[in-house]
Structures are given as structure tokens and as C-alpha cells.
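J.: For reference, the structure I am asking about is given below.
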Amino acid sequence: MIKKHDDLIVETLARLLTPFIQAFALYVLFLGHYSPGGGFQGGVLVAASFILLIIAFDLEKTTERFSEKFNVICNGGGVFIYAGIGVLCILLGGNLLDYSVLSKILPVGPEEARALGILGVEIGVEITVAACLVSIFIDLASKGENLGGS
Amino acid sequence: MRKFLGFLVTMATAALLIYSTPEMPNWGDPNSPASTHVSPRYIEKADTETHTPNIVTAVLADYRSYDTMGEAMVVFVAAIGCIMLLRRRQHK
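Line by line, the protein sequences are chains Z and S.
Counting in our numbering, the first sequence runs from 263 upward without gaps.
Counting in our numbering, the second sequence runs from 7 upward without gaps.
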């Protein structure tokens with residue numbers, strides 16, 4: 263169990279760095295269309311920001327902000343977004359994960375619809391990877407004890 | 007005896023793999039099967055078909071999207087396994 267330890271420098275730095283890490287994670291996610299990046303890398307960055315908070319503060323204070331219940335919802339929600347986009351493509355008359363048919367419900371052409379479909383599944387991957395890594399870290403760091411919030 | 011047998015099998019497999027290595031195409035060989043079927047099509051058509059300049063992302067999340075869905079599910083199943091094995095709930 264990671265206990266609270268009063269260290270002003272560490273806590274202030276962690277508090278200052280967290281929003282920048284998360285903004286950079288979104289930057290990496292949206293940059294995936296143009297350079298190395300994407301859902302897996304961005305998700306790891308989001309998870310790293312939460313793990314930094316857990317290490318700098320303590321477990322309870324971080325799980326107040328990012329509760330285990332919401333964490334589990336995010337775990338499955340990302341995969342649900344990914345698979346949901348795939349099934350939506352089937353419902354619109356295409357193959358599984360054939361994003362070009364998304365142009366029927368989006369005001370763009372088939373090529374832009376494919377680019378947006380890539381972005382959608384990357385967002386799903388990002389949510390899943392971030393929530394799963396934080397979940398595994400919480401379980402290992404707390405020895406599986408109940409932290410409340412679920 | 008069993009250790010010796012395992013050593014023999016390992017050596018035989020290694021010899022087989024090393025024997026077949028010279029038959030592999032060279033790195034970047036334009037006539038190798040890997041670079042004559044799908045690679046040129048991706049390189050030529052990925053930008054116009056998906057409007058994604060990064061071909062790696064286009065292949066990862068569009069042409070091979072089913073594979074990436076499996077990867078996301080592997081991460082998800084790993085987290086679910088950790089939750090089921092490690093997390094102890096207090097039943098009220």
C-alpha cells in the first residue's frame with residue numbers, strides 16, 4: 263500500500279506535470295495520423311500521469327478522483343467503442359471495421375470517413391490501455407485491497 | 007537422459023533453422039514475396055484511400071484493424087485477469 267508521505271517538492275512537481283502529460287498524451291493520439299503515435303502510446307502516457315499521481319500522493323487520494331468503478335467502466339468502454347465502430351460498419355452495410363461506409367452517417371466522403379474511423383478506434387484503444395494499466399497498477403500497489411469507490 | 011534428449015532436439019531444431027536461413031530473401035529485396043503483393047499497394051494507395059499520411063497508422067488501424075482490435079482485447083483481458091486474481095472485495 264502506497265502511504266502518504268509529505269514532500270512538498272515532489273507533490274508540487276507531480277501536480278504541475280500531470281496536466282501537461284495528459285495534454286501531450288492527447289497530442290500523441292491525434293498526431294498518429296501524421297507521425298509515430300496513436301492509441302497505445304497515448305494511453306500509456308495517460309496511465310503514466312495517473313501512476314505519477316499515485317506515487318507522489320497516495321492511493322486513496324488518487325482513487326477519489328479516478329474511482330475504481332469508473333476505471334472498470336473505462337476498461338470495457340474502450341474495447342466497446344472499438345468493437346462498436348466495427349459493428350456499426352456492419353449495420354451500415356459494409357464489412358467489419360470497413361470505415362468507408364461511415365460516410366453514410368457522417369457529412370464527409372468515404373476517404374475522410376476512413377480517417378475518422380481510424381481516429382475513433384484509436385480513441386477506444388487509448389481509453390482501454392490507460393484504464394487497464396492504471397487498474398493493474400492499483401491492484402498490484404494496494405495488494406488487491408478494497409479502496410472504496412465501487 | 008531426458009536432458010540429453012532435450013538438448014538433441016534443440017540442436018536439431020537449431021540446425022534446421024540455420025540450414026533454412028540462406029533461403030530467406032535479402033533485406034529490402036524488391037522481388038521477395040513480402041514486397042511484391044500487398045506492400046506496393048499500401049504504399050501507393052494508402053494516402054488516397056484513407057487520407058492518412060502515416061502509412062503505418064493506415065495499415066494498423068484500417069487495413070489490419072481486426073488485428074488491432076485483438077490487441078486491445080488482449081490488454082483488456084490482462085486487466086480483467088489481474089482484477090479477478092488480485093482484487094479482494096469486502097462483502098458487506
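The C-beta atom is built at its ideal place from N, Cα and C for all residues, glycine as well.
1) For the alpha helix (DSSP H) that contains residue 379 of chain Z, what are its first and last residues?
2) What does the alpha-carbon distance come out to for the pair residue 370 of chain Z and residue 379 of chain Z?
3) For residue 75 of chain S, tell me which candidate among Z:341, Z:300, Z:304 and Z:388 has the shortest Cα-Cα distance.
4) So with CB distances below 7 Å, who are the chain Z contacts of residue 67 of chain S?
5) If the cut is a Cβ gap below 7 Å, which residues of chain S does residue 407 of chain Z touch?
6) For a cutoff of 9 Å on Cβ pairs, would you count residue 44 of chain S as touching chain Z?
7) So, helix, strand or coil for residue 7 of chain S, using DSSP?
8) So, for residue 432 of chain Z: in the same chain, excluding its five sequence neighbours on each side, which residues have a beta-carbon less than 8 Å away from its beta-carbon?
9) Quick check on the DSSP output: what are the complete beta strand (DSSP E) runs of length 3 or more inside the stretch 25-64 of chain S, in order along the chain?
10) Would you tell me roughly how many angstroms separate the C-alpha atoms of residue 10 of chain S and residue 26 of chain S, rounded to the nearest one?
11) Using a beta-carbon distance below 9 Å, is residue 397 of chain Z in contact with chain S?
12) Going by the beta-carbon positions, is the gap between residue 295 of chain Z and residue 28 of chain S smaller than 9 Å?
13) Between residue 20 of chain S and residue 353 of chain Z, what straight-line distance do the alpha-carbon atoms span, to the nearest angstrom?
14) For a quick check, are the C-beta atoms of residue 377 of chain Z and residue 56 of chain S less than 9 Å apart?
15) With a cut-off of 9 Å, does the C-beta of residue 41 of chain S fall near any C-beta of chain Z?
16) If the criterion is Cβ atoms closer than 9 Å, does the pair residue 84 of chain S and residue 69 of chain S meet it?
17) Evaluate residue 71 of chain S with the Cβ neighbour count: other Cβ atoms within 10 Å of its Cβ, from every protein chain shown; 16 or more gives buried, anything less gives exposed.
18) Any beta-carbon of chain Z closer than 9 Å to the one on residue 81 of chain S?
19) Does residue 48 of chain S get closer than 9 Å to chain Z when you measure Cβ to Cβ?
20) Taking the alpha helix (DSSP H) that residue 281 of chain Z belongs to, which residues open and close that run?
21) If you drop the 5 nearest sequence neighbours on each side, which residues of the same chain put their C-beta closer than 6 Å to that of residue 277 of chain Z?
22) Our contact map puts residue 273 of chain Z next to residue 94 of chain S with C-beta atoms below 8 Å; I'd like the distance itself, whole angstroms only.
23) Decide if residue 360 of chain Z is buried, meaning its Cβ has at least 16 other Cβ atoms within 10 Å, or exposed.
24) Quick one, which of Z:391, Z:397 and Z:375 has its alpha-carbon nearest residue 80 of chain S's?
25) Alpha carbons only, please: which of S:39, S:35 and S:65 is nearest the one belonging to residue 49 of chain S?
T.: To lay it out plainly:
1) 372-403
2) 12 Å
3) Z:341
4) 380, 383 and 384
5) 94
6) no
7) coil
8) For chain Z, the structure presents residues 263 to 412; residue 432 of chain Z sits outside this window and is missing.
9) none
10) 24 Å
11) yes
12) no
13) 50 Å
14) yes
15) no
16) no
17) buried
18) yes
19) no
20) 270-293
21) none
22) In fact, because the Cβ distance is near 29 Å, the residues do not count as touching under 8 Å.
23) buried
24) Z:391
25) S:65
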